[in-house]
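A.B. asks: In our numbering, the protein residues as written are 268 to 855.
For each residue, glycine too, the CB sits at the ideal point set by N, CA and C.
Written out as structure tokens, the structure reads:
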């Protein structure tokens, strides 16, 4: 909570109390879109120090709040009205829920007497969002607003983070309603019986984990987004280096361990690299840190890491044993657990306490050398290869550039070919796989860090879903940059249709020519470029990087038939991994 004091009661209406409560929680920015039921709350924003970013669609407000939360660790805040506005924010709520993103969403609701009458723009917002929020609440008294806000921020940020929704009926925040006024005091404490997430794991479980780690000959640290949520990147590196243990970083954990580190194997999973996937399959111990054994990582569960014992470290007890039964279950915050492990291991001799991992490291190096990520570069007269575009972007940008992505092939190529050496520089939709995520999320990230370079890598399908938020970026002077990899198709769907549906391309063609992305971007106040020749890629990226007073969109016209490799077929075993065609014939 902020330093601001309200020890002396102040007579406020519910709308004023809500905004003041946000200020008390240290909120600096709210992403939102006004409407009838939430109007009484929008009025006091005029007098508040909180910045409001007016989006062009409520879904954009939610994803922008997520982007802000991803890069700062603070809860992102969004505010919309009732009915269709609330249903438009369902997708960001579900996205944040699956990716454990701290977010507080405030929705307007029709007046209390009208609830249940099918009033104009009424919907059962708490009912609709119950399964996709960590907690939600319908506030029925103005004097309960401060407590509701305080509880929302506490729940969103403690234990396993997640979204919390506060639904506010119009009459309890209305300045014209005498019953909406009360003597405002902010609650100093939280009293939530039954909610007590434990950060510290049991010493017994830590001891058991350490014993298994010391014995393992082929260990892998399987790192998920929970390590980033716990601010555990530094201690993860200490643990890995002490034990000479290789590390895989899932899609949600990119940057938690430096890609340039000799122990980093990169991303595992359906489109992970060969070494990361195969290392997990051949390991004798998987130390799962803040990861949830997602189906995109495990492939066919019964065939996943068949020889490996499992140590599972996660703050959420519900994740333990959900997919794979652990041999050692460590329930607690990842950072706290790793600190306890490091202390135990140091007491046992540090690096000398571990088995010799040299043969294992030698095997991994052999796979890395034999099966690197690869693609065939563009010929001078061909359309662009998207992998090459991502590599050129990576090489032209500062190491701490924040990168957001949409969902699809471009997301995988960005995770594969960017070099993530800093935590909190990768912002993407993992669990829900939400197309259209990248542009509003980039806006949220750039709002949080206006002095950092922020690129959104997008596909043409994703761009058409939320591209209108570039108007927000222009009007609000949030100069993000967008790399639009335009391959004229819903690329990932096309790839599956080619590989698994006998090249029957049903409803996936979008066109290189329509819309005209350069004209569209310019009409939204952006500087826009189109690149079709490989020789123009680097010089155009350099031009885009020099512009910092408005958003920039660079349309890169890419090959339509380029596919993401490696690939584990859906439902198949990770042993069935398909490498690039140029490498086939030798893979295990």
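Can you tell me where the alpha helix (DSSP H) holding residue 810 begins and where it ends?
C.D. replies: Element bounds for residue 810: 804-813.
A.B. asks: If contact is defined by three or more beta carbon pairs under 8 angstroms, each pair taking one atom from either stretch, is the segment 313-325 in contact with the segment 645-663?
C.D. replies: Flag = no, the segment 645-663 and the segment 313-325 do not touch.
A.B. asks: Report the three-state DSSP secondary structure of residue 767 (helix, strand or coil).
C.D. replies: Helix, per DSSP.
A.B. asks: Would you identify the three-state DSSP class for residue 635, choosing helix, strand or coil?
C.D. replies: Note: residue 635 maps to helix in three-state DSSP.
A.B. asks: Can you say whether residue 730 is buried or exposed, counting buried as having 16 or more other CB atoms within 10 angstroms of its CB?
C.D. replies: So residue 730 counts as buried.
A.B. asks: Can you grab the Cα-Cα spacing for the pair residue 335 / residue 329, in whole Å?
C.D. replies: Whole-angstrom Cα-Cα distance: 10 angstroms.
A.B. asks: To which residues of the same chain is residue 310 closer than 8 angstroms at the C-beta, ignoring the five residues directly before and after it?
C.D. replies: Only 282, 442 meet the Cβ criterion.
A.B. asks: Taking the beta strand (DSSP E) that residue 576 belongs to, which residues open and close that run?
C.D. replies: Residue 576 -> beta strand (DSSP E) spans 576-581.
A.B. asks: In the DSSP assignment, what residue or residues form a beta bridge with residue 462?
C.D. replies: DSSP, once it has assigned bridges, lists no residue as partnering residue 462.
A.B. asks: Span of the beta strand (DSSP E) holding residue 521?
C.D. replies: No beta strand (DSSP E) contains residue 521, which DSSP labels as neither H nor E.
A.B. asks: At which residue ranges does the segment 467-536 contain complete alpha helix (DSSP H) runs of 4 or more residues, listed in the order of the chain?
C.D. replies: Segments of the alpha helix (DSSP H) lying fully in the segment 467-536: 470-482, 492-496, 500-510.
A.B. asks: Looking at the unbroken alpha helix (DSSP H) that takes in residue 565, where does it start and where does it end?
C.D. replies: Residues 562-565.
A.B. asks: Please state the DSSP three-state secondary structure of residue 269.
C.D. replies: Bear in mind that the predicted position of residue 269 carries a pLDDT of just 43, short of 50, making it too unreliable to give a figure here.
A.B. asks: What would DSSP say about residue 702, mapped onto helix, strand or coil?
C.D. replies: It is coil, neither helix nor strand.
A.B. asks: Taking the beta carbon of residue 665 as the centre, do at least 16 other beta carbons fall within 10 Å, making it buried, or is it exposed?
C.D. replies: Counting Cβ neighbours within 10 Å, residue 665 comes out exposed, since fewer than 16 surround it.
A.B. asks: I need the boundaries of the beta strand (DSSP E) containing residue 662, first residue and last residue.
C.D. replies: Run containing residue 662: none in the beta strand (DSSP E); it sits in the alpha helix (DSSP H), 653-663.
A.B. asks: Checking 8 angstroms against the spacing of the C-beta atoms, do residue 601 and residue 522 come in under that value?
C.D. replies: Not a contact, by the Cβ cut-off of 8 angstroms.
A.B. asks: Look at residue 595 and residue 410 and say whether their C-beta atoms are less than 8 angstroms apart.
C.D. replies: The answer is no: Cβ separation not under 8 angstroms.
A.B. asks: Closer than 6 angstroms by C-beta to residue 854: which residues in its own chain qualify, once you throw out the five before and the five after it? Chain order, please.
C.D. replies: In this predicted model, residue 854 has a pLDDT of only 45, less than 50, meaning its place in the structure is not dependable; the value taken from the coordinates is given anyway. Excluding positions up to five away in sequence, the list reads 846.
A.B. asks: State the Cα-Cα distance for the pair residue 736 and residue 477, rounded to the nearest angstrom.
C.D. replies: Between residue 736 and residue 477, the C-alpha separation is close to 48 angstroms.
A.B. asks: How long is the line joining the alpha carbons of residue 415 and residue 688, rounded to whole angstroms?
C.D. replies: Residue 415 and residue 688: Cα-Cα distance of roughly 39 angstroms.
A.B. asks: Considering just the uninterrupted stretch of the beta strand (DSSP E) at residue 327, what are its terminal residues?
C.D. replies: It is not in any beta strand (DSSP E) - residue 327 instead sits in the alpha helix (DSSP H) that spans 325-339.
A.B. asks: Return the CA-CA distance between residue 271 and residue 638, expressed in angstroms with no decimal places.
C.D. replies: With a pLDDT of only 46 at residue 271, under the threshold of 50, the placement of this residue in the model should not be trusted, and no figure is reported.
A.B. asks: Using 8 angstroms for Cβ pairs, my map puts residue 752 next to residue 726. What's the rounded Cβ distance?
C.D. replies: Between residue 726 and residue 752 the Cβ distance is about 6 angstroms, and since that is below 8 angstroms, they are a contact.
A.B. asks: If you drop the 5 nearest sequence neighbours on each side, which residues of the same chain put their C-beta closer than 8 angstroms to that of residue 836?
C.D. replies: Same-chain partners within the cutoff: 766, 767, 843, 845.
A.B. asks: Looking only at its chain, what residues have a beta carbon closer than 7 angstroms to the beta carbon of residue 475, apart from the 5 residues adjacent to it on each side?
C.D. replies: The answer, listed in chain order, is 595.
A.B. asks: Where residue 580 and residue 788 are concerned, what is the direct C-alpha to C-alpha distance, given to the nearest angstrom?
C.D. replies: Whole-angstrom Cα-Cα distance: 45 angstroms.
A.B. asks: Please return the same chain residues whose Cβ sits closer than 8 angstroms to the Cβ of residue 370, not counting the five positions on each side in sequence.
C.D. replies: If we look at residue 370 and ignore the five residues flanking it on each side, its Cβ neighbours are 329, 332, 333, 336, 342, 343, 344, 345, 359, 360, 363, 423, 429, 430, 431.
A.B. asks: Taking the C-alpha atoms as reference points, what is the distance between residue 618 and residue 653?
C.D. replies: Spanning the two alpha carbons is a distance of roughly 42 angstroms.
A.B. asks: Could you tell me which residues DSSP pairs with residue 319 in its beta bridges?
C.D. replies: In DSSP, residue 319 forms a bridge with 297.
A.B. asks: Just the Cα atoms here: how many angstroms apart are residue 824 and residue 510?
C.D. replies: Spanning the two alpha carbons is a distance of roughly 45 angstroms.
A.B. asks: Helix, strand or coil for residue 389 per DSSP?
C.D. replies: Residue 389: coil per DSSP, three-state reduction.
A.B. asks: Over what stretch of residues does the alpha helix (DSSP H) that includes residue 757 continue unbroken?
C.D. replies: Unbroken run through residue 757: none, as it is neither H nor E.
A.B. asks: Taking only three categories from DSSP, how would you classify residue 848?
C.D. replies: Of the three classes helix, strand and coil, the one that applies to residue 848 here is helix, per DSSP.
A.B. asks: So, at 8 angstroms on beta carbons, what are the nonlocal neighbours of residue 668 in its own chain, with the 5 sequence-adjacent residues on each side left out?
C.D. replies: The residues are 692, 719, 720, 721, 722.
A.B. asks: So who's on the other strand from residue 835, going by DSSP bridges?
C.D. replies: Answer is none; residue 835 lacks a bridge partner.
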